[in-house]
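Undergrad:
Number of protein chains: 2
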Amino acid sequence: MKNYGQYCPIAHALGIVGERWSLLLVRELLDGPKRYTDLVTGLPKIGTNNLAARLKDLEAAGVVEKRRLPPPAASTVYELSPYGQDLRPVIHELARWGARSLGPPPLHALEPGWLMHALDLALSPLARSGRFAFRIGDEEASLVDGRPVAGVVEDADVLVETDAVGFYHLVADRQLEGVRVDGDVALLESVLAAFGPTLLPA
Amino acid sequence: MKNYGQYCPIAHALGIVGERWSLLLVRELLDGPKRYTDLVTGLPKIGTNNLAARLKDLEAAGVVEKRRLPPPAASTVYELSPYGQDLRPVIHELARWGARSLGPPPLHALEPGWLMHALDLALSPLARSGRFAFRIGDEEASLVDGRPVAGVVEDADVLVETDAVGFYHLVADRQLEGVRVDGDVALLESVLAAFGPTLLPA
DNA sequence: CTGGATCCCTCACGATACTG
DNA sequence: CAGTATCGTGAGGGATCCAG
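Here the protein sequences line up with chains W and P, keeping their order.
Counting in the working numbering, the first sequence runs from 53 upward without gaps.
Counting in the working numbering, the second sequence runs from 53 upward without gaps.
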């Protein structure tokens, strides 16, 4: 992509990761190294030529590194360089901004692992202490002292059970309809109360 | 722009501001309302048709608002909605990330007001207290208790005078060559010492 | 099966000219 | 000043094909 013709850190950053698909590619790699095929399945609508081009660009920019796994797992994986890892705060802010106008989820076709990402995004800054467990649809994850972990943790302070739409309204509107809460309800509500308005005021 | 086909706050956010020029447009408007022509001069390489299209998209998405100024200043200005203002943390993080691989500035063709933006970006999180004044090339700005203000403030704790390249090396490498510092040098150095490594390790 | 490269088609972008 | 009209180019999307 051509440059923006300005000496500006924002324009420069966008020259590196501003192309279509680039930041979504980084999002995929934030969960760890992935193979080419994993990236294709994680980004179904990207053309393979485009994926190869984006990977090449990001590699040339020092954001992504290509590594051959040693035998017997002889395959190549792509992973973020340390500089690429530093995009995490950028993507985190972008996600929090986007979430405010995203609307409720479809009940189908959510990506595996979405709950851990959602907890990390929406609640981890708010629930720095306590043990929260979530069983949402067919996903399970917990928040232990602000860190998301997989599965329902033992002796949680509070356990939340609902589906994806119920979870959305829980964090977005603080509506508890259709949500089953076991344990310290007040603790959960105090965390949610720290949430500002999340929906687009318009 | 077509969607990314995923229920994901990042993909959704990129669907709104992910197109070429969109975030730079928001950057321009973060300084306050601007007229169409001001935007053209601030983004010299954008085509006017493209600018019109991006403005229309951002307005439809609730990020930008178009307002007619009352007579006698009968002109239309564009400004960020509250939701658009909330992009400031995103752009801030992006700028800090991009600055790490940006390299030293050209001595010419820096945009007016760059110094205030640079102070805001690089030093305002670090210098929450104290009065720092800067005279860099033909730009003047100060940092008062962490807030950037225009001009050289009276009775500053420290006054820094150099050119843009000297300023860059001051914040990037903490090199003081070619930099004239009046006042509390130790205070300035303590702020700079709080800066981590800023350049791409590669 | 993984890891791409190639082709084609469409549309978005960039430059410029033009208008209310 | 604030855009719209037009047009050429090139990047992105989709499908297919090929090599290890």
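Quick reminder that beta carbons are idealized off the backbone N, C-alpha and C, glycines included.
Please report the straight-line C-alpha distance between W:G57 and P:V92, rounded to a whole angstrom.
TA: Going by the C-alpha atoms only, they are around 13 Å apart.
Undergrad: Along chain P, in chain order, which residues have C-beta atoms closer than 9 Å to that of W:K97?
TA: The contacting residues are K54, N55, Y56, G57, Q58.
Undergrad: Within 9 Å (strictly less), CB to CB, does W:E131 reach chain P?
TA: Closer than 9 Å: no.
Undergrad: CB W:P177 to CB W:G198, shorter than 9 Å?
TA: Yes, Cβ-Cβ distance for W:P177 and W:G198 is below 9 Å.
Undergrad: Classify W:L257: buried if its beta carbon has 16 or more other beta carbons within 10 angstroms, exposed otherwise.
TA: Because chain W spans 53 through 254 in this model, residue 257 of chain W falls outside it and cannot be assessed.
Undergrad: Which residues in chain W sit within 7 Å of P:E192, going by Cβ to Cβ distance?
TA: Here the premise fails: no neighbours, minimum Cβ distance about 19 Å.
Undergrad: Tell me whether P:R140 sits in a helix, a strand or coil according to DSSP, three-state version.
TA: Here P:R140 sits in helix by DSSP.
Undergrad: Helix or strand or just coil, what does DSSP make of P:P96?
TA: Looking at P:P96 - three-state DSSP - the assignment turns out to be coil, as it is neither helix nor strand.
Undergrad: For P:S181, does the count of other Cβ atoms within 10 angstroms reach 16, so buried, or fall short, so exposed?
TA: It is exposed - the Cβ of P:S181 has fewer than 16 other Cβ atoms within 10 Å.
Undergrad: Given a cut-off of 9 Å on the beta-carbon distance, is the pair P:V210 and P:L222 in contact?
TA: For P:V210 and P:L222, no; Cβs fall outside 9 Å.
Undergrad: Considering only the beta carbon of each residue, do P:A185 and P:V205 sit closer than 9 Å?
TA: Yes. Within cutoff.
Undergrad: Beta-carbon within less than 8 Å of P:I143's beta-carbon, same chain only, minus the 5 sequence neighbours each way: which residues are those?
TA: Same-chain partners within the cutoff: L75, V78, R79, L82.
Undergrad: Between which two residues does the alpha helix (DSSP H) containing W:Y220 stretch?
TA: Its alpha helix (DSSP H) spans residues 216–225.
Undergrad: Under three-state DSSP, which class holds W:G67?
TA: Helix at W:G67.
Undergrad: With which residues is P:F184 paired in a DSSP beta bridge?
TA: Bridge partners of P:F184: P:L195, P:V210.
Undergrad: From P:E131 to P:K86, what does the alpha carbon distance come to, in whole angstroms?
TA: Cα-Cα distance, rounded: 7 Å.
Undergrad: Could you check the C-alpha separation between P:A125 and P:T89 for me, to the nearest Å?
TA: Roughly 15 Å between the two C-alpha positions.
Undergrad: Return helix, strand or coil for W:A254, following the three-state DSSP convention.
TA: Here W:A254 scores only 49 on pLDDT, less than 50, and its place in the model is too uncertain to base an answer on.
Undergrad: Is there a Cβ from chain W that is less than 9 Å from the Cβ of P:Y88?
TA: By this cut-off, P:Y88 is not an interface position.
Undergrad: Can you find the residues in the same chain that come closer than 6 Å, C-beta to C-beta, to P:F219, ignoring five residues on each side of it along the sequence?
TA: Cβ neighbours of P:F219 beyond the five flanking positions: I188.
Undergrad: Just tell me which of W:D207, W:T214, W:D215, W:A224 has its CA closest to the CA of W:D236.
TA: The shortest C-alpha separation from W:D236 is found at W:D207.
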